[in-house]
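Enquirer:
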Amino acid sequence: MAQGSGARAPMFVLLAVSLGLAACSAVPLPANLNPASATRAETPLMAAVSGGHIDDVRSLAESGAALNTLTESGTPLAEAVRRGEERIAWYLLSQGAAPDLAVAGQPTPLMVAAEAGAGRLVRLLLSAGANVNVVSAEGATPVILAARNGHLSVVKALLSAGANVNVSQGGQSLLMMVVGGGDLLTAEMLLAAGAEVNYRSPDGQTALDVARARRNPDLEMLLVQAGAEL
């Protein structure tokens, strides 16, 4: 009998956990986390975020201000990220602000942080579940935006979080863009992360062609050592 009871115990635990998760998923979101829309002028929370007033942000959130309101300039979280307000961004995320919510055609908070090289905000958004491979209307991803602006530490954080190293935009691979900018350190990082060294653009160019056109022997040697076809 003891053996039979022991065999049933794990199944009982799994069932309890499953029922618990199902119960949690059935709980509706608090009203202030529901998606909403308003003009910026109608949103006191946006004004508090813009001014960097963390106490006012807390007070408004606690009184039920909508955290996921889309205005013409984005959400309160996007505003906090845009202004580099790390404490406010952390607070909004801790209260359930949606990390990827953005106006159609506008960058997500992670894109804004990546392009600005705001490493701590990037890591904060990633830890909150932001989509690391989100694509902008122009075809850019967060890692493209970070690499194009020379933010090496941000590129590293994004790659560690699963960013696709073989993305392309306008027919150029990320590696080609970095080589075109002459950024040896970022090129090394991309290659170490598995960037395709022999990717060809629609016009037949490779990263090695770009390095040669820029007369950059260091990058040329790096690419050859990584297996670039001569």
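Take the sequence shown: its letters are residues -22 to -1, 1 to 208, numbered as in mature numbering (1 follows the signal peptide of the UniProt record, and there is no 0).
C-beta atoms are modelled at their ideal positions from N, C-alpha and C, and glycine is treated no differently.
Could you give the residue range of the alpha helix (DSSP H) that holds glycine 52?
Expert: Counted from its first residue, the sequence shown places residue 52 at position 74. Premise fails: glycine 52 is in no alpha helix (DSSP H) and is neither H nor E.
Enquirer: Please confirm whether glutamine 147 and alanine 118 have their CB atoms less than 7 angstroms apart.
Expert: Sequence index remark: in the sequence shown, residue 147 carries index 169 (1-based). Sequence index remark: in the sequence shown, residue 118 carries index 140 (1-based). In contact: glutamine 147 and alanine 118 (Cβ atoms closer than 7 angstroms).
Enquirer: Roughly how far, in whole angstroms, is the beta-carbon of asparagine 127 from the beta-carbon of glutamate 93, given that I think they are within contact range, below 8 angstroms?
Expert: Walking along the sequence shown from the start, residue 127 turns up at place 149. Walking along the sequence shown from the start, residue 93 turns up at place 115. That belief holds up - the Cβ atoms of asparagine 127 and glutamate 93 are roughly 6 angstroms apart, short of 8 angstroms.
Enquirer: What's the call for threonine 191, buried or exposed, on a 16-neighbour Cβ count within 10 Å?
Expert: Here residue 191 corresponds to residue number 213 of the sequence shown, with the count starting at 1. At residue 191 the sequence reads alanine, which differs from the threonine that was named. By the neighbour-count rule (16 or more Cβ atoms within 10 Å), alanine 191 is not buried but exposed.
Enquirer: Using DSSP with H/G/I as helix, E/B as strand and the rest coil, what is alanine 14?
Expert: Along the sequence shown, one-based indexing puts residue 14 at 36. Three-state DSSP puts alanine 14 in a strand.
Enquirer: Between the Cα of valine 121 and those of Asp187, Met89 and Tyr177, spot the shortest distance and give me the residue it belongs to.
Expert: The sequence position of residue 121 within the sequence shown is 143, counting from 1. Comparing Cα-Cα distances from valine 121 to each of Asp187, Met89 and Tyr177, the minimum goes to Met89.
Enquirer: Taking the straight line between their C-alpha atoms, what separation do you get for glycine 30 and glutamate 198?
Expert: Here residue 30 refers to the residue found at position 52 when the sequence shown is read from its first residue. Here residue 198 refers to the residue found at position 220 when the sequence shown is read from its first residue. One C-alpha to the other measures close to 47 angstroms.
Enquirer: Assign serine 151 to one of three DSSP states: helix, strand, or coil.
Expert: Taking the first residue of the sequence shown as position 1, residue 151 is located at position 173. Three-state result, serine 151: strand.
Enquirer: Excluding the five sequence neighbours on either side, which residues of its own chain have a C-beta within less than 7 angstroms of the C-beta of arginine 98, listed in chain order?
Expert: The residue you call residue 98 lines up with position 120 of the sequence shown. Around arginine 98: Glu64.
Enquirer: Does DSSP put threonine 119 in a helix, in a strand, or in coil?
Expert: Along the sequence shown, one-based indexing puts residue 119 at 141. Here threonine 119 sits in coil by DSSP.
Enquirer: Look at the alpha carbon of valine 188 and the alpha carbon of alanine 165, and state the distance between them as a whole number of angstroms.
Expert: One-based indexing of the sequence shown puts residue 188 at position 210. One-based indexing of the sequence shown puts residue 165 at position 187. Distance between the alpha carbons of valine 188 and alanine 165 is about 12 angstroms.
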